[in-house]
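A.B. asks: Position in the sequence shown counted from 1, then plus 360, gives you the working numbering.
So that we are looking at the same thing, I have put the structure below in structure tokens.
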Amino acid sequence: SSDQAITDIRSYNGRIYLLSATENNLFRFDKNYSNKSSWLKEDLDFSNAVSFDVDGYIYVLKNNGTVTKLLSGYSNEFELKPISPSFVNPTKIRITGESDEGLIYIMEPEKNRIVVFDKTGAFIIQYKMEKLTNMKDFSVVDDGKKIIILNDASVYEIETQSVE
């Protein structure tokens, strides 16, 4: 229905996925976009979910900084290692690479930073940008070599450090 609140949207492998925190659900459209159904196969609490991304697994970010990793509708054992300072209201998650390759990026506007983890949940690096006081969204481009950040109505680009 048109009154559903959509928290985030992603496409993967020809399908559209929708996260709705208000409906506490993840939905998937079939390939011709005509039919939407719940993708979850177990009862999970996504009421405080803020963002998600897909690489085959689905990673759902909650506003307390926890991430739920899912496959085929079921949650998988996964935990981000603690960082200092800890997350306060992170807003966006982006994933690079397929399956175990690549990285997890989490944007936290309140602390003007993007924090990077590997796919085991281990902390890699954080990019702190004191001048970016109203970060809205971001994208990881050029195979992870750059991060494009939307701050207010301006776009910024940062070069990432090699984490190989």
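All residues carry an ideal CB built from backbone N, CA and C; glycine is no exception.
Comparing C-alpha positions only, which one of 417, 521, 402 sits nearest to residue 480?
C.D. replies: The residue you call residue 480 lines up with position 120 of the sequence shown. Cα-wise, what sits closest to residue 480 is 417.
A.B. asks: How is residue 470 classed by DSSP in three states: helix, strand or coil?
C.D. replies: As a first step, residue 470 must be located in the sequence shown, where it is residue number 110. Residue 470: helix per DSSP, three-state reduction.
A.B. asks: Give me the Cα-Cα distance between residue 486 and residue 445, rounded to the nearest whole angstrom.
C.D. replies: To locate residue 486, count along the sequence shown from 1; it is residue 126. To locate residue 445, count along the sequence shown from 1; it is residue 85. About 11 Å.
A.B. asks: Could you say which of 510, 482, 422 lies nearest to residue 447 if we only look at CA atoms?
C.D. replies: As a working mapping, residue 447 is identified with position 87 in the sequence shown. The option with the nearest alpha carbon to residue 447 is 422.
A.B. asks: When the Cα atoms are used, what is the spatial distance from residue 367 to residue 521?
C.D. replies: What you label residue 367 is simply residue 7 of the sequence shown in a count that begins at 1. What you label residue 521 is simply residue 161 of the sequence shown in a count that begins at 1. Answer to the nearest angstrom: the Cα atoms are 31 Å apart.
A.B. asks: Let me know the secondary structure DSSP gives residue 367 once reduced to three states.
C.D. replies: On the sequence shown, position 7 is the one that residue 367 refers to. Correct three-state label for residue 367: coil.
A.B. asks: Touching or not, the stretch 429-441 and the stretch 396-403, by the rule of three or more beta carbon pairs under 8 Å?
C.D. replies: yes
A.B. asks: May I ask you to list the residues that DSSP assigns as paired with residue 422?
C.D. replies: Looking up residue 422 in the sequence shown gives position 62. 409, per the DSSP bridge assignment.
A.B. asks: Compare the C-alpha of residue 470 against each of 439, 455, 493, 478 and name the closest.
C.D. replies: For the purposes of this step, residue 470 is taken as the residue at position 110 of the sequence shown. Ranking 439, 455, 493, 478 by Cα distance to residue 470 puts 493 first.
A.B. asks: The beta strand (DSSP E) spanning residue 460 covers which residue range?
C.D. replies: Residue mapping note: residue 460 aligns to position 100 of the sequence shown, counting from 1. That residue, residue 460, is in no beta strand (DSSP E); it is neither H nor E in DSSP.
A.B. asks: By Cβ distance below 7 Å, which residues in the same chain neighbour residue 459 in space, the five residues on each side in sequence not counted?
C.D. replies: Walking along the sequence shown from the start, residue 459 turns up at place 99. If we look at residue 459 and ignore the five residues flanking it on each side, its Cβ neighbours are 415, 416.
A.B. asks: Return the residue from the list 474, 461, 513 that minimises the CA-CA distance to residue 503.
C.D. replies: Residue numbering aside, residue 503 sits at position 143 when the sequence shown is read from its first letter. The residue with the shortest Cα to Cα distance from residue 503 is 461.
A.B. asks: Express the C-alpha separation of residue 379 and residue 385 in angstroms, rounding to a whole number.
C.D. replies: Here residue 385 refers to the residue found at position 25 of the sequence shown. Here residue 379 refers to the residue found at position 19 of the sequence shown. So the alpha carbons of these two residues sit roughly 6 Å apart.
A.B. asks: Put residue 495 into one of helix, strand or coil per three-state DSSP.
C.D. replies: For the purposes of this step, residue 495 is identified with residue 135 of the sequence shown, where counting begins at 1. In the three-state reduction of the DSSP assignment, residue 495 falls in the strand class, which pools E and B.
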